[in-house]
Amino acid sequence: MTLDQARTLISQRFATAQVDAAVEGVPIVVTVSPDEWTTFAQFAKNDLQCRFFSFLTAVDWKEQGLEVVARLDNLDDRIGLMMKTKLGPGASECPSITPIFRGANWMEREAYDMFGIRFDGHPDLRRILLSDDWVGHPLLKSYAVDTPHPPYR
Amino acid sequence: MIASLPGWVVLLIAPVVVLHVVIGIVTYVTLLERKFAARMQSRIGPYRVGPHGLLQPIADAVKLMMKEDVVPTAADKPVYNLAPIVFLLPCMLIFATIPFAPGLGVADLNIGVLFFLAISSMEIVGLFMAGWGSNNKYALLSAMRAVNQAISYDLPFIFASLVPVLLAGSLRLGDIAAAQSGLWFVFYPVIGQLAFIAFIASTVAAENRAPFDILEAESELVAGFRVEYSGMKFALIQLGEYAHILGSSFLGALLFLGAWAGPGPEWLGPVWFLIKAMFVFLLVTWVRWSFVRIRVDQILALSWKALLPMTLILLLATAFVVVWRTNGGV
Amino acid sequence: MSTRATHADREGPRRTDEGPRRTEDGPRRIDLDYAGSERLTMNMGPQHPSAHGVFRAILTLEGEQVVGVDAVIGYLHRCHEKLSETLTYAQYPSIASKTDYVAAMTSEFAYVRAAEQIGKIDVPKRAQYLRVITSELQRVASHLLWLGTWCLDLGGALGGGATIFLYCIRERELLLDLFESLVGARLLYGFYQVGGVRYDVPPGWVATCRETVDLIDARISEYEHMLEDNPFFMARVQGVGVVSRALAEDVGISGPLLRGSGVNHDLRRSDPYSSYDDFQFTVPVETAGDCFARYRVRMVEFRESLKIVRQALDGLPEGPISSRPGLKSVAQTRIPKGEAYVRVEGARGEVGCYLIADGSAKPYRMKWRGASFSNLAILPHIIPGHKVADVVAIMGSVDPVFGEVDR
């Protein structure tokens, strides 16, 4: 499968998705709506053969809200795919792709830890890097770098 | 000179002398091991305390004596406190039957080998007491592994030690040593070498030395059964361990390497004995610093499936050879 | 028998040896107790000789067999991602070293390349070759540390493992001496900058580098013989910790773990960067997926890296070492608006940097795709069913560095 074939397949199946190459180093970048997040992930795994799960993270665009970004790879045909979804201002819920890719488990926990995004369908959503009693989500732009916190116990 | 003293004097003085000598040798054997291991790892080992590190064991002993004795709050106090002593006693008692020269020993029992083997397996009790009394899951896991390993390797140890007994025809250690004045048992065709190898293997396992040291597997169980001990109690456990190793080395030298047989005048006998014991000890140490450890189920498989049948067959073969010889064979 | 975490519920005056009292609304307390009739919950705690850093694994044991593992990470979390938003592109590369602190230049490489991709900044050929040389030497140094600490875990700090550990450290010291004469630092460097590298090779460095490379090449065969001719070692690592190909891709592990499970994926080959396509080298792939396969992959990678270093030293071109002028202020480098995801084949796998720049001297958002974070995520899937001793062997063959896991 070539990159163009992959792009055609995506546009055929997901008419409302925006396919471009906005990210340097990534050949295909697809932006879908949150409702199509899991369907697209399943499509990428089955039809585009993108079985390698690289990472999942989020970006805080201040007024425009949060955006969840995931990166998949088709190692045999060397197709690199990045899927993005904008959650919208004020929203912090997103469907979970852990049932589809087991590697998303820890990545989504980290996104929850750092951004406060709740992933529906995640088997065990709890903080991973910070301690369980931490208040706040550090990577949000509203969280100041020098926010004081109580000493560890 | 010793034979001219009345019997009760010998009985009073000899244990004291032997105990002190043993403790002294044990302390310096730790330094020997460290230097030997260091040379294997392209470094020097203890060097600064005293000339060439010769005062290092003294420094270690002083340090351990000055350390605070930390007792876990929830530890089972009587068991915890008694464990090092119960561990140490058998390790010291095994030196009772070893004759360091013809007639020079504490008590040359006529069941010498049996006494040695029976007493040396008693230290497992102390080991388990330490593991249980510490109230620590790591220690308990280690103690359970210890019991497993001890039971599995005592049998091959006994059978391998019985081969020289058969060849000499007596359980008394003095007789076995005397029977080797012609040919050391390790040079016996096939039987001697195999028995020596089996002896070394089972002694390494019975003493919980690497590669069979899952007991104290530092990278998993962090010092195993002695994890909660500090200060003098720890020193007692270390003393016990090294005394056991030394005792087994002496036993190996006596059973297989001819004890005090060697060129030179008769008073050089104990010196030769010491050298041979150190040779066995260094063999064990060399093995220790070269191999990674194997898993507990592999250790048990090695014992029950390989070492035990082999030593049993060896023992039977030795018996046949002895009978064949006494009935006019070669 | 129960091992309670605290004695906070005991009546009476507080004893001085008890520690801080936990309150109702305090931190969550985990009671380590017998869970069921035969299961033991054991904590392989953050302080542990073979934890490879700070890592806590709560193991549920049935006898010697592990039936469940809960991996707790985050003890080394410094929030690099938030930190990078406060540091400029000139300041951050030195800090990037602290993620994968064993092969520190890998992280710098990813970050600096990401900035260069967005800003469309060229890197001169000499700088590219120097980057390749240092990357490969870092890989060798990292694998030496891996081999030493893995054997230490297998054999104990006072056993045969320690012997190999000391030999590997002795070799690693030679490499660190090379880095010291090049960069000035032994463990954490600030060698890369946006546009090239910061320092040029001092006189005599190339010759010393060649000697060191030859010496290490000879010694690696020694270690291979010492380990592979040893039936104890083989019994410990063969068949242990098998990772299937599907699981490997699903979880997203990379590097020697992925190549040990049969996937031929090396970023230096599939997505060449920084003149890697000028060099001849093979990518080792093993299909067994167990600890031994991963060990073989890394042993072959040793030699291949040394081959690449030799080729790069032979072909080192003359020229500038950076396409940007020397630094006059920390806010000098401004990257225009854009996003990039750049990955580098580190010693542990795919180290990636997802950078969002907004035109100023500091990034808007930077995400580290840490190789060890994804690699460590495989543990809950493969450990159950093995014995306690295997946990340590598997963790060692996964080779996590907690700076990368926790960032």
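Chain order of the listed sequences is A, B and C. Last residue of the first sequence? That's 153 in this note's numbering, and every number before it is there in order. Last residue of the second sequence? That's 1330 in this note's numbering, and every number before it is there in order. Last residue of the third sequence? That's 2407 in this note's numbering, and every number before it is there in order. Ideal placement from N, C-alpha and C gives every residue a C-beta, glycine not left out.
(message) Check for me: the beta strand (DSSP E) holding Lys-1137 of chain B runs from which residue to which?
(response) Counted as a single uninterrupted DSSP element, the stretch harbouring Lys-1137 of chain B is not any beta strand (DSSP E) but the alpha helix (DSSP H) occupying residues 1137-1168.
(message) If contact is defined by three or more beta carbon pairs under 8 angstroms, each pair taking one atom from either stretch, is the stretch 2087-2095 of chain C in contact with the stretch 2061-2069 of chain C?
(response) Counting Cβ pairs under 8 angstroms, fewer than three are found: no touch.
(message) Given this structure, state the Cα-to-Cα distance separating Ile-1151 of chain B from Val-1296 of chain B, to the nearest angstrom.
(response) The straight-line gap separating the alpha-carbon atoms of Ile-1151 of chain B and Val-1296 of chain B is approximately 13 angstroms.
(message) Run through the DSSP bridge pairs and tell me what Thr-174 of chain A is partnered with.
(response) What is shown of chain A runs 1 to 153, which leaves residue 174 of chain A out entirely.
(request) Under 7 angstroms between beta-carbons, which chain C residues line up against Val-23 of chain A? List them in chain order, please. (result) Going along chain C in sequence order, the residues near Val-23 of chain A (Cβ under 7 angstroms) are Glu-2339, Ala-2340 and Tyr-2341.
(message) Just to make sure I have the definition right: I need the residues of chain C whose C-beta is within less than 8 angstroms of the C-beta of Leu-130 of chain A. Which are they?
(response) The answer, in chain order, is Gly-2074 and His-2077.
(message) Below 9 angstroms on C-beta distance, what does Asn-2375 of chain C contact in chain B?
(response) Chain B residues near Asn-2375 of chain C: none, gap ~20 angstroms exceeds 9 angstroms.
(message) Below 7 angstroms on C-beta distance, what does Asp-2229 of chain C contact in chain B?
(response) For Asp-2229 of chain C, no chain B residue has a C-beta closer than 7 angstroms to its own C-beta; the minimum C-beta separation is roughly 11 angstroms.
(request) Could you list the residues in the stretch 2245-2259 of chain C with a C-beta less than 7 angstroms from some C-beta on chain A, going in chain order? (result) Within the stretch 2245-2259 of chain C, the qualifying residues are Glu-2249, Asp-2250, Val-2251 and Gly-2252.
(request) Within the stretch 2189-2219 of chain C, note down every full alpha helix (DSSP H) run reaching 4 residues or more, in order along the chain. (result) Qualifying alpha helix (DSSP H) stretches: none in this window.
(message) Contact criterion: CB-CB distance below 8 angstroms. Does Trp-37 of chain A meet it with respect to chain C?
(response) Taking 8 angstroms as the CB threshold, Trp-37 of chain A stays off the interface with chain C.
(request) Between the Cα of Phe-2232 of chain C and those of B:Gly-1169, B:Ile-1313, B:Val-1049 and B:Ile-1299, spot the shortest distance and give me the residue it belongs to. (result) In terms of CA proximity to Phe-2232 of chain C, B:Ile-1299 leads the group B:Gly-1169, B:Ile-1313, B:Val-1049 and B:Ile-1299.
(request) Please state if the CB of Asn-1135 of chain B and the CB of Ala-1074 of chain B are separated by a distance shorter than 8 angstroms. (result) In contact: Ala-1074 of chain B and Asn-1135 of chain B (Cβ atoms closer than 8 angstroms).
(request) Mind listing the chain A neighbours of Lys-2307 of chain C? Cutoff is C-beta to C-beta under 7 angstroms, in chain order. (result) Neighbours of Lys-2307 of chain C on chain A: none; closest Cβ ~24 angstroms, over 7 angstroms.
(request) Rounded to whole angstroms, what's the CA-CA distance from Val-2263 of chain C to Ile-1197 of chain B? Just pull it up for me. (result) Just so you know, the alpha carbons of Val-2263 of chain C and Ile-1197 of chain B end up roughly 45 angstroms apart.
(message) Helix, strand or coil for Ser-1181 of chain B? Go by DSSP, reduced to three states.
(response) In this structure, Ser-1181 of chain B counts as coil in the three-state DSSP scheme.
(request) Quick one: grab the DSSP three-state call for Asn-105 of chain A. (result) If DSSP states are grouped into helix, strand and coil, Asn-105 of chain A belongs with the helices.
(request) Could you tell me the distance, in whole angstroms, from the CA atom of Met-2422 of chain C to the CA atom of Tyr-2199 of chain C? (result) This structure does not reach residue 2422 of chain C, given that chain C is present from 2001 up to 2407, and the question cannot be answered.
(message) Taking CB distances under 8 angstroms as the criterion, tell me whether Leu-2032 of chain C reaches chain A.
(response) Any reading at Leu-2032 of chain C must be qualified, since the residue scores a pLDDT of 46, below 50, and its modelled position is unreliable; no value is offered.
(message) Between Gly-2338 of chain C and Val-2351 of chain C, how many whole angstroms is the CB-CB distance? I'm expecting something under 8 angstroms.
(response) With a Cβ gap of about 20 angstroms, Gly-2338 of chain C and Val-2351 of chain C do not count as contacting.
(request) If I'm right that Arg-2073 of chain C touches Leu-129 of chain A with Cβ under 8 angstroms, what's the distance once you round it to whole angstroms? (result) Checking the displayed sequence, the identity of residue 2073 of chain C turns out to be Ile instead of Arg. Contact flag correct, Cβ pair sits at about 7 angstroms.
(request) Output the boundary residues of the alpha helix (DSSP H) element that contains Ser-2305 of chain C. (result) If you look at Ser-2305 of chain C, you'll find it in the alpha helix (DSSP H) that goes 2291-2314.
(message) Is the separation between the beta-carbon of Pro-1263 of chain B and that of Ala-1177 of chain B shorter than 8 angstroms?
(response) No. Outside cutoff.
(request) Check whether the Cβ atoms of Glu-154 of chain A and Pro-89 of chain A lie closer than 8 angstroms to each other. (result) A question about residue 154 of chain A goes unanswered here, because the residues of chain A that appear run from 1 up to 153.
(request) Could you tell me which of B:Thr-1311, B:Thr-1285 and B:Val-1323 sits nearest to Val-1029 of chain B, measuring between CA atoms? (result) Nearest C-alpha to Val-1029 of chain B: B:Thr-1285.
(request) Report the three-state DSSP secondary structure of Pro-95 of chain A (helix, strand or coil). (result) Reduced to three states, the DSSP call for Pro-95 of chain A is strand.
(message) So if DSSP puts Glu-2350 of chain C in a beta bridge, which residue, or which two residues, is it bridged to?
(response) Answer is C:Glu-2345.
(request) Compute the distance between the beta-carbons of Gly-116 of chain A and Pro-95 of chain A, then report whether it is under 8 angstroms. (result) The Cβ atoms of Gly-116 of chain A and Pro-95 of chain A lie no closer than 8 angstroms to each other.
(request) Rounded to whole angstroms, what's the CA-CA distance from Leu-2313 of chain C to Asp-2070 of chain C? Just pull it up for me. (result) Using only the alpha carbons, I get a separation of about 46 angstroms.
(request) Using the Cα positions of Trp-1289 of chain B and Val-1321 of chain B, report the straight-line distance between them to the nearest angstrom. (result) In a straight line, the C-alpha of Trp-1289 of chain B is about 37 angstroms away from that of Val-1321 of chain B.
(message) Can you list, in chain order, the residues of its chain with a C-beta nearer than 7 angstroms to that of Thr-2282 of chain C? Leave out the 5 residues immediately preceding and following it.
(response) Its chain contains Glu-2304 as the residues whose beta carbon lies nearer than 7 angstroms to that of Thr-2282 of chain C, once the 5 sequence neighbours on both sides are disregarded; these appear in chain order.
(request) Put Gln-2280 of chain C into one of helix, strand or coil per three-state DSSP. (result) The answer is coil: DSSP assigns Gln-2280 of chain C none of H, G, I, E or B.
(message) Which runs of the beta strand (DSSP E) at least 3 residues long sit entirely within the stretch 1255-1313 of chain B? Give them in chain order.
(response) Entirely contained in the stretch 1255-1313 of chain B, not one beta strand (DSSP E) run reaches 3 residues.
(message) Quick check on Thr-2333 of chain C - is its C-beta less than 8 angstroms from some C-beta in chain A?
(response) It does not: the Cβ of Thr-2333 of chain C has no partner Cβ on chain A nearer than 8 angstroms.
(request) Work out the CA separation of Met-1 of chain A and Val-2297 of chain C for me, nearest whole Å. (result) So the two alpha carbons sit approximately 29 angstroms from each other.
(message) Can you pull the chain C neighbours of Pro-138 of chain A, defined as C-beta to C-beta under 7 angstroms?
(response) What Pro-138 of chain A touches in chain C: Cys-2079 and Lys-2082.
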